[in-house]
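Take any residue in the sequence shown, note its place counting from 1, add 116, and you have its number in my numbering. Note that the Cβ used here is the ideal one computed from N, Cα and C, for glycine as well. Shown next, in structure tokens, is the structure this report addresses.
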Amino acid sequence: MRSRRSRTVSALAALVAAAAFTVPAAAAGADDPGAPALPTATPAGSGAAAVVLPTGDRLTVGTGVRAGAIGYARDAGGSDALATFQVGHETYVVPAEAAPYLGRSLDLSLFDVTRLAASADGGVAGAKTQVQLRFAAGVTPTAPAGVTLTAVSGQSATGYLTPASGHAFAQALRDAIKADLAAGKPAGTGTLFGGLTSMAVLGASTPVQPHYPLHILQVNTLDDTGAPTSLPVILVDLDNPAAFTGQVFSYQGVARVAVPAGNYAAIAINFAFDPAANTQKVEIATPDGIVVPDTGTVPPATVDMRTATSPVKVTTQRPSTLAGSLTSVARSNASGTFSATLSVDAGADTTVLLAPAPKPAVGSLTLTENWIANGPDTARDPYRYNVVLTSDHIDANQSYAPADSTLATQRHKAVLDPVYGTNQALLGSGHVSNGGYALLGLPIPAGGLTEYVTGGLQWTSELMLPQIPNSQNFSFAFLDDDIRTLAAGQSVARTWGQAPLVGNFGQHPATTLNLYGCQACVSGTTVAALLGMLGDSNKDTTGLDFTAAGTAQLYWNGQLVSSDTNRLGYVVQNVPAGPAKMRMVLDFDRTATGVVQSAKTHTDVTIPIPGKSNPALTLPAGTYCPAAADPTATCQVLPALTLNYQFNALSDTNTSHSPRQNLVLRVGHLSYGGVGSTAHIASVRVAVSFDQGATWQDVATHGGDGNYDAHWSNPAPGSHVALRVTATDCLGGSITQTVTDPYTVG
């Protein structure tokens, strides 16, 4: 059964664009020579981009602070297995059905998610993937399934795919594999799409390698029967990765590549299909000891998938059934400064087999196996095992039975907008290692989920919000938590999505790998401030809705610096000496996707810039500072006000059935491991509107020192509610936040 769901990008791709802009002359005071000079600003990135592969598979790709992070999920009609190649600064995600055609009919550029994420259309929901195609001589160019041709010239054509058409393209690849297997041929050896010889991203070019004396290395590839087969192989120069490291693609058992002399290792993968083109098994081999001499004959290297015989088997103390796995093999060079990684996301019906390998003599090998299994009754007793195994070699016996005493417990619950109906959110929890992390999103039951994870490791989790039933508009949104180290025997709990889903700065642990790094910091003459688009009742939640629309304005000392669309915040450079005030006005609108709760949010925040250093506010080591071009530079946390909302007596759909509504409001400042402003909160005001903001009424608010209680009477069931909170501190900082329908009146 094929069931896969993955993450996507959207119209907010401008959020992660890195194009700088200059302050307009008028804003900089060109008409008034006596006006103070204004700084320049750069749109700030979110640390994540989402892309849609040509096959329609959706995923998120870490950028900047989250480089190396990949998010996978399950999507009906999607691939049942995907391979991720991370080589240097490039990341490629290849669906199983495309692998047999790589390097021949399908160019690797189609799956270069690093470039797709950075491109103008990369990851935009509804955006087109522009492609160039070439057909064999005498073949009339015809659009493959899912592709729309825009121009034809001789044997060449251009066209595009859309996220909606990608699954049709993937199915056509699977149909071609079925035809090959039915004809008694290896998958991928038959003619594709009536004569397609090449398909690549429009404008794709082959990267130029450094110039070194080259030697021809032949790589022979065999399948698990010993027959020649076509495989993708990563070759790593263990002596000098800059000289050569990359993918090669064998065809009918042979690949030849020009490489410099040196010691090499390889990582190879083979997808084996059943007659229906489902991925039956994935085989991974890591042949070592490949030597290319300076002179003389270069001996061939052999990749033999008959050596991949070791399945990972985990026996748990409570009954469980495999739901999915993430298998990662990384190979580093002798100095440890470079690594290439192959990761495989496989479903429950796909067996992953490894070739045993000793600890290498040159460089290092790291195996990470993330094995995820569900309990037998996900409705009445929902639990999941999330076991991580790591090793510096690959044993022939990959069977494990972790004791309960080695595990930690995470209890998750998702509270969702009622418009999602019975569609379930996807929860992914991943172990964070030096090489990054991956998240495999699996459905979380309505009543919550208990997750048993390997203790002693760093973990991060993510909730991917579901699609709205029968909606014509695609949406993609997710919520992340901060990294936490969970000790064996420790138990933690988290409720995701509790109203309202509204922008925040938050309060975080000392070391965090969230979407933004330090959300308001100053380093030298640079200031960075980013408002998390989606927060919930947890102080460390950061989230994004890639399909939202938005506007933003930046003011410096009361003067408008820039007015933009789709911005989370700004990096402001060339900040004049002395104290200043930075003001951002940010609006986010999610109504186009069909959500009802917290569909529109407005945040007006003023952040005092102290103009002098305060060692007590130094950002703890380990958290990324977007204001510091030099990673060794001192970074200081700014006094950005942040709001945390706790609504009492809401249901699992953020619905209130009470005539009286109570809000516990906590007002504080952005902090990391307790480092942040402790300035006195000077004032707090809460108001509600029941006529969509036409009129407002202040409500009774009690408390002090950042902790407040507010009460009001709910309107009739089905009525609209809008909430507005204003807070100030003694430094001159302020925040006003308005959210429409933070909860539903039931």
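Taking a contact to require three or more Cβ pairs closer than 8 Å, the segment 601-621 and the segment 524-536 qualify as touching. According to the DSSP assignment, HIS283 belongs to the alpha helix (DSSP H) that extends over 282-298. Note on the segment 675-749: whole beta strand (DSSP E) runs with a minimum of 3 residues are 675-681, 685-689, 696-705, 716-725, in chain order. In this model, PRO416 and PRO409 are separated by some 12 Å (Cα to Cα). For PRO534, the secondary structure class from DSSP, reduced to helix, strand or coil, is helix.
Taking 8 Å as the cut-off, the beta carbon of ALA798 is found no closer than this to the beta carbon of ASP746. PRO211 is positioned such that its CB atom lies closer than 8 Å to that of LEU198. The beta-bridge partner set that DSSP reports for LYS529 consists of THR611. The straight-line gap separating the alpha-carbon atoms of ARG500 and TYR516 is approximately 16 Å. DSSP, read as helix, strand or coil, puts PHE365 in strand.
If you compare the alpha carbons of GLY710, ASP703, HIS283 with that of VAL721, the shortest gap goes to ASP703. In this model, VAL209 and PHE365 are separated by some 15 Å (Cα to Cα). For the pair ALA464 and LYS397, the Cα-to-Cα distance works out to about 11 Å. By the Cβ test, the segment 739-756 is in contact with the segment 623-632, since at least three Cβ pairs between them sit closer than 8 Å. Taking one beta carbon from each stretch, the segment 566-583 and the segment 595-611 have 3 or more pairs nearer than 8 Å; the two touch. Cα atoms of VAL855 and VAL861: separation of roughly 15 Å, rounded to the nearest angstrom. One alpha carbon belongs to GLY282, the other to LEU354, and they sit about 38 Å apart.
For a cut-off of 8 Å, the C-beta gap from ALA382 to ILE406 is around 6 Å, short enough to register as a contact. Within the DSSP secondary-structure output, ALA371 pairs in a beta bridge with VAL335. Distances from the CA of LEU175 to each of ILE584, CYS637, VAL445, PRO279 were compared; the closest alpha carbon is that of PRO279.
Around the C-beta of LYS301, fewer than 16 other C-beta atoms lie within 10 Å, and the residue is accordingly described as exposed. Distance check between HIS836 and each of HIS796, ALA756, GLN713 places GLN713 closest, using alpha-carbon atoms only.
Between the alpha carbons of GLY834 and THR657 lies a gap of roughly 29 Å.
Its chain contains LYS655, ARG782 as the residues whose beta carbon lies nearer than 6 Å to that of ASN760, once the 5 sequence neighbours on both sides are disregarded; these appear in chain order. At a Cβ-Cβ threshold of 8 Å, ASP533 and GLN433 do not count as neighbours.
Per the coordinates, the alpha-carbon of SER451 lies some 13 Å from the alpha-carbon of PRO476.
Closest in alpha carbon position to PRO561, among PHE621, ASP497, ILE584, is ASP497. Residue state for ASP353 is assigned as strand, using DSSP reduced to three classes. In the three-state reduction of the DSSP assignment, VAL168 falls in the strand class. In this structure, PHE285 sits near ALA261, with a CB-CB distance shorter than 8 Å. The continuous beta strand (DSSP E) containing TYR499 extends over residues 499-507.
Just measuring C-alpha positions, the residue of THR748, PHE806, LEU733 sitting nearest ALA756 is LEU733. Listed in chain order, the non-local C-beta contacts of PRO585 below 7 Å within the same chain comprise GLY537, ASN539, local neighbours out to five positions each way being set aside. Under the 10 Å beta carbon count, VAL370 is surrounded by fewer than 16 other beta carbons and is classified as exposed. Shortest Cα-Cα distance from LYS294 to any of ALA388, SER225, PRO344, ALA384 involves ALA388. If you look at GLN669, you'll find it in the beta strand (DSSP E) that goes 665-672.
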